[in-house]
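Read through the structure below, which is laid out as structure tokens, and then see the notes.
Protein chains: 2
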Amino acid sequence: MGEFELISHYFAAAPCAQGGEGVALGIGDDCALLDLPAGEQLAISTDTLVAGVHFPAVCDPLLLGQRALAVAVSDLAAMGATAIGFTLALTLPDVGRDWLAGFADGLGRMARRCAISLIGGDTTRGPLSITVTVFGRVPAGQALRRSGARSGDLLCVGGPLGNAAGALPLVLGEREAPGELAAPLLEHYWAPLPQLRLGAQLRGRATAALDISDGLLADCGHIAKASGVALQVNLAQVPVSAALQAFLGREAALHAALTGGDDYVLAFTAPAAALSGLAETVHVIGRVCEGQGVTLLDAQGQDITPQQRGYQHFRETP
Amino acid sequence: MGEFELISHYFAAAPCAQGGEGVALGIGDDCALLDLPAGEQLAISTDTLVAGVHFPAVCDPLLLGQRALAVAVSDLAAMGATAIGFTLALTLPDVGRDWLAGFADGLGRMARRCAISLIGGDTTRGPLSITVTVFGRVPAGQALRRSGARSGDLLCVGGPLGNAAGALPLVLGEREAPGELAAPLLEHYWAPLPQLRLGAQLRGRATAALDISDGLLADCGHIAKASGVALQVNLAQVPVSAALQAFLGREAALHAALTGGDDYVLAFTAPAAALSGLAETVHVIGRVCEGQGVTLLDAQGQDITPQQRGYQHFRETP
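Chains A and B, in that order, give the protein sequences.
For what it's worth, this note's numbering labels the leading residue of the first sequence as 77, then goes sequentially.
For what it's worth, this note's numbering labels the leading residue of the second sequence as 77, then goes sequentially.
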């Protein structure tokens, strides 16, 4: 087999290469073809992961395949979309059969968990880099935007934050931890499960939503700016996992939850009346007010918004 | 401005970032949103260009921007689709304002020529690499596939071949040529114009189609394999430009046209009766027969199919 036959062999063999609902034509022609039910819009997002920048240059390809797909699908969840398919643009320095088999396996596992199909791609030679473009469908006009938050809404997140940031020193081999602490953190880093079901539940309920990738405070800044409102975050309400707290201690765990990034958990705003019946992992962490920017409050309601340069992302500049 | 504000500044300023027909939501949220008219399917293709592999590491960013979009849009033409939008995943080693301004300008110029809008993207730090994913629409069931060629059809191409391959030594600085020879070749390399109009004309006429990117003989092999037929190419009918022939001589020009790649000209099969009224640049270059593989015939009908290893791509293996 030549290089490209080898690659197509692995990905064609992956279960995720089977066409799913909405996929009229998958891999193998000049384009893939999607069908879209009447009254629905197509949601599209693209994410690139570069070796040595977004993941360690040497890592388990199975884990990498899971993560590369998950971080992209998370954007579909953030819009309230149902996943349909994805394309994979894979740039590889060389073709190792074990690496490809592992990567395709990881990609396939996450594809099954998200009910999404590989519909096309491009393989090129070069420094290791992975670009995944995802496609979903959402009823017309019901996509969750960042721009609809209104004063009086509550601010919520879809689950504990900071696990992926906490896992980073483990991923990089800078620290070690007992297996029962390390496992849930590493799981969140390497296989964050996109909150597709919560996103779908939020259609018609949430006024604004996104998935947390830059860190809670930075991403709250994106909602505040897009909606023309201020967001107040109550530190005491920010959820952190028991594993993260045990690994880092309470203060560092909260720091990771506020600024760490890579959570791929939804953050959203909604009127209080719209929250009944949502997933139990949803936590109210603050509220929407008139004004601009993001304010962090302690348990006494004191403004403890960090001012350091490292937090500049959530201080939006014009 | 920070890194990402700088980048969004350039691409938001580019005319191609304006939403066009079918774009319900462009850059700035977690996903872009597309509308699709009833009875149409969405066509999707993705292409990656890597510095030092697909283009010289040092080159004019304006030309690179044009080329990166053109080679991707060409896949929409090959399916008979109408262009709607594209996403850009741009990985850059550093952020140079002049480079970004030039690249955005080139991207915008090609976007206007193809009537396609930038709808989203991702910018990351790393070795220079560009992944463009394009979206088009095509009436349901009318997309041009590779698999419909039938014995008795004629084999056609949308214009002269080999110009981009002929330009390569000029691009790489290995040769020089007088301006009047070099200009049309370089234009074809850096700004190949996707044959969207011809592709649309071919809906309901062509039985199979693709855009020539791997070289005529290799790509004819793809049609032959997908359709389960044999293709005969008549060397004397293969069109080459006057500029290419003057630059390389007749024999080398034909060699470039047969195997050079990067043409982004359509190749298609159709019954003779379906060819009337097509663009004047269309040339009949052979025919479809029972059997398999691609055969090259000289003016006397002798089989002169090249057997060298360099041509292996059009010798399909099971």
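Built from N, CA and C at the ideal position, the CB exists for glycine as well.
Because the structure is a prediction, the values reported are computed rather than measured.
Residue pairing by DSSP places LEU118(A) opposite ARG213(A) and LEU110(B) in a beta bridge. In the three-state scheme derived from DSSP, where H, G and I count as helix and E and B as strand, THR124(B) is classed as strand. Contacts between ARG221(B) and chain A, judged by CB atoms closer than 7 angstroms, involve ASP105 in chain order.
Per DSSP, the continuous beta strand (DSSP E) segment holding ALA343(A) begins and ends at 342-346.
Listed in chain order, the non-local C-beta contacts of GLY202(B) below 8 angstroms within the same chain comprise THR167, LEU168 and PRO169, local neighbours out to five positions each way being set aside. Residue state for ILE288(B) is assigned as coil, using DSSP reduced to three classes. Rounded to whole angstroms, the gap between the alpha carbons of ALA349(B) and VAL305(B) is 20 angstroms. SER227(B) carries a coil assignment under DSSP once its states are collapsed to helix, strand and coil. Closer than 8 angstroms to the CB of PRO203(A) there is at least one CB belonging to chain B.
Under the three-state reduction of DSSP, THR381(A) is assigned to coil, being neither helix nor strand. A residue is called buried once 16 or more other Cβ atoms fall within 10 Å of its Cβ, and ILE380(B), having fewer, is exposed. In terms of beta-carbon proximity, ILE120(B) lines the interface with chain A, with at least one pair separated by less than 8 angstroms. By the C-beta criterion, the stretch 225-234 of chain A is judged to be in contact with the stretch 356-363 of chain A, since at least 3 inter-stretch pairs fall below 8 angstroms. For ARG213(A) against LEU112(A), the beta-carbon gap comes to about 6 angstroms, under 8 angstroms, which counts as contact.
A straight-line Cα-Cα distance of about 52 angstroms links ARG281(A) and HIS264(B). For VAL341(B), no chain A residue has a C-beta closer than 8 angstroms to its own C-beta; the minimum C-beta separation is roughly 13 angstroms. In the structure shown, the three-state DSSP call for HIS359(A) is strand. Relative to the Cα of CYS296(A), the nearest Cα in the group THR345(A), ARG279(A) and GLY196(A) belongs to THR345(A).
If you draw a straight line from the Cα of GLU252(A) to the Cα of GLN321(A), it comes to about 15 angstroms. Between the alpha carbons of ASP174(A) and PRO245(A) lies a gap of roughly 26 angstroms. For PHE131(B), no beta strand (DSSP E) segment is defined, and its DSSP state is neither H nor E. Per the C-alpha coordinates, the member of ALA146(A), CYS190(A) and ASP136(A) positioned closest to GLY172(A) is ASP136(A).
Not a single C-beta of chain B is nearer than 8 angstroms to the C-beta of ILE192(A). Think of a sphere of 7 angstroms around the beta carbon of GLN117(B): the chain A residues whose beta carbon falls inside it are ALA100, LEU109, LEU110 and ASP111, in chain order. Residue contact check for ASP123(A) against chain B: a CB pair falls below 8 angstroms. Assignment of ALA187(B) by DSSP, reduced to helix, strand and coil, places it in the helix class. PRO254(A) counts as exposed, since fewer than 16 other C-beta atoms from the protein chains shown sit within 10 angstroms of its C-beta. Using a C-beta cut-off of 8 angstroms, the stretch 235-244 of chain A makes no contact with the stretch 96-107 of chain A, since fewer than three inter-stretch Cβ pairs fall below that distance.
Counting the other Cβ atoms within 10 Å of the Cβ of PRO268(B) gives 16 or more, which makes it buried.
Closer than 8 angstroms to the CB of THR200(A) there is at least one CB belonging to chain B. Checking the DSSP bridge columns, you'll see LEU330(A) has no partner listed. The beta carbon of GLN218(B) sits closer than 6 angstroms to those of ARG279, all from its chain and outside the five residues before and after it, given in chain order. Under a criterion of Cβ atoms nearer than 7 angstroms, the residues of chain A adjacent to GLY196(B) are, in order, ILE120, SER121 and THR122.
Burial of SER289(A) is indicated by the presence of at least 16 other C-beta atoms within 10 angstroms of its C-beta.
In the DSSP assignment, GLY197(A) forms a beta bridge with LEU164(A).
Between ALA343(A) and LEU261(B), the alpha-carbon positions lie close to 52 angstroms from each other.
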